[in-house]
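In UniProt numbering, the protein residues as written are 1 to 257. Don't be surprised by glycine CBs; every beta carbon is placed ideally from N, CA and C. Just so you know, these numbers come straight off a predicted model, no measurement behind them.
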Amino acid sequence: MLGRLQMSIDECIDAYISLSDRVFRKRRHRVTIKGNVQGRLDSDELERGIKEVVVRQRLPENALLKDSPNANCKVFVCATSKETCDTVRLTSYRSPRGRGRLLRTTKIWEAGRATSAASSFFDPITIGDFHEGFVDGATGANNPVYEVWNEAQDMWPSGSFEDNVRCVVSLGTGVPSLKPFTNDLVGIGQNLLAIATETEKTAERYFRDKSGLDNKGRYYRFNVLRGLEDIGLEDSKGKNAIIAAIDRYIESQAVFK
Numbered sequence: 001m002l003g004r005l006q007m008s009i010d011e012c013i014d015a016y017i018s019l020s021d022r023v024f025r026k027r028r029h030r031v032t033i034k035g036n037v038q039g040r041l042d043s044d045e046l047e048r049g050i051k052e053v054v055v056r057q058r059l060p061e062n063a064l065l066k067d068s069p070n071a072n073c074k075v076f077v078c079a080t081s082k083e084t085c086d087t088v089r090l091t092s093y094r095s096p097r098g099r100g101r102l103l104r105t106t107k108i109w110e111a112g113r114a115t116s117a118a119s120s121f122f123d124p125i126t127i128g129d130f131h132e133g134f135v136d137g138a139t140g141a142n143n144p145v146y147e148v149w150n151e152a153q154d155m156w157p158s159g160s161f162e163d164n165v166r167c168v169v170s171l172g173t174g175v176p177s178l179k180p181f182t183n184d185l186v187g188i189g190q191n192l193l194a195i196a197t198e199t200e201k202t203a204e205r206y207f208r209d210k211s212g213l214d215n216k217g218r219y220y221r222f223n224v225l226r227g228l229e230d231i232g233l234e235d236s237k238g239k240n241a242i243i244a245a246i247d248r249y250i251e252s253q254a255v256f257k
């Protein structure tokens, strides 16, 4: 939204709240004969919602993620290949390591669906001429800060890359509830725990690896660590509690300084 659709932060927040209220209230419970959990939320509703956001920005609903070469902001989202389990960057620009066939075909709404196809929440999506399957980026890139760093190095390989970095801002999504949906399989709860743990481990590893950025005031990591534990990923009605936890976090001494 910020980059490809050039929306303001306030517009992004309003769009996300509206989208979450629509998507997370329509639930379905499906388990295949083999015991595999399929998407429990309405993937079609998510697709329709993303398309409406695109149209409100005066673009066709099937507009490509690919942007003008002169665009002010380069954007990518992470998704996980269903076939190989590798993290794939769906980009709005031509990337040195990018997949050209996906750049030519991936629509904005498809990228949004691919990076949101969280296991047990939304169904996987197929994209492109070869119908490549994708699930959400958290499966392979819980915290994509290294994906951003490596991609930027590929885009600007000359000179001392780290010296030229002005600022890196990493935004976490809080510590999620470790309580799965009612009647969920045990593995789903275990996956949520693994994602929450790995996200912070990645943040800590990056902090150590790039300590020079932090020492010079060029790296900032923000993540609400308390207050969101009992709000599930599917709980769109917990907005008041989320806002309260964020406000308390922003007012804390660690952030204020």
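Checking 7 angstroms against the spacing of the C-beta atoms, do residue i and residue j come in under that value?
i	j	result
Gly133	Lys82	yes
Ala114	Val53	no
Asp154	Arg94	no
Gly238	Ile231	yes
Thr84	Cys78	no
Ser92	Arg4	yes
Ser252	Phe122	no
Thr199	Asn150	no
Val145	Tyr206	yes
Leu102	Gly174	no
Val23	Thr80	no
Helix, strand or coil: which one does DSSP assign to residue i?
i	result
Arg89	strand
Asp136	strand
Ile250	helix
Phe24	coil
Ser160	coil
Phe222	strand
Ser43	helix
Ser18	helix
Ile9	helix
Thr126	strand
Val148	helix
Leu2	coil
Val255	helix
Lys179	Confidence at Lys179 is low in this model, with a pLDDT of 49, below 50, so its placement is unreliable and the value that follows should be read with caution. Residue state, collapsed to three classes: coil.
Leu228	coil
Any beta carbon from chain C within less than 7 angstroms of residue i's own beta carbon?
i	result
Val77	No chain C appears in the structure shown, which is made up of a single protein chain.
Using CA coordinates, which residue listed in the options is at the minimum distance from residue i?
i	options	result
Ile108	Ala241, Glu47, Ile242 and Asn72	Glu47
Arg104	Tyr219, Asn62 and Thr87	Asn62
Lys201	Gly172, Gly212 and Leu213	Gly172
Arg40	Val55, Ala118, Thr126 and Glu162	Ala118
Ile242	Phe161, Thr126 and Leu225	Leu225
Gln6	Arg208, Asn72 and Asn240	Asn72
Ala100	Lys66, Thr80, Lys216 and Lys74	Position check: residue 100 holds Gly in this sequence, whereas Ala was assumed. Checking every option, the nearest Cα to that of Gly100 belongs to Lys66.
Asn223	Ser170, Asn215 and Ala244	Ser170
Glu162	Glu204, Lys210 and Ile9	Lys210
Leu156	Lys216, Lys74, Arg208 and Pro124	According to the sequence shown, residue 156 is Trp rather than Leu. Checked all of Lys216, Lys74, Arg208 and Pro124; the closest Cα to Trp156 is Lys74.
Asp21	Asn70, Ala152 and Glu45	Glu45
Using 8 angstroms for Cβ pairs, my map puts residue i next to residue j. What's the rounded Cβ distance?
i	j	result
Leu90	Phe76	6 angstroms
Arg218	Val165	6 angstroms
Cys12	Leu19	The Cβ separation is near 10 angstroms, so there is no contact.
Ile50	Gly128	Not a contact, Cβ separation roughly 18 angstroms.
Leu213	Val168	6 angstroms
Leu64	Thr126	Wrong, their Cβ atoms sit about 17 angstroms apart, outside the cutoff.
Report the start-end ranges of each alpha helix (DSSP H) in the region 54-124 that is 4 residues or longer and not cut off at the edges. Fully enclosed alpha helix (DSSP H) runs of no fewer than 4 residues occupy 100-105 and 108-116 of the region 54-124, in order along the chain.
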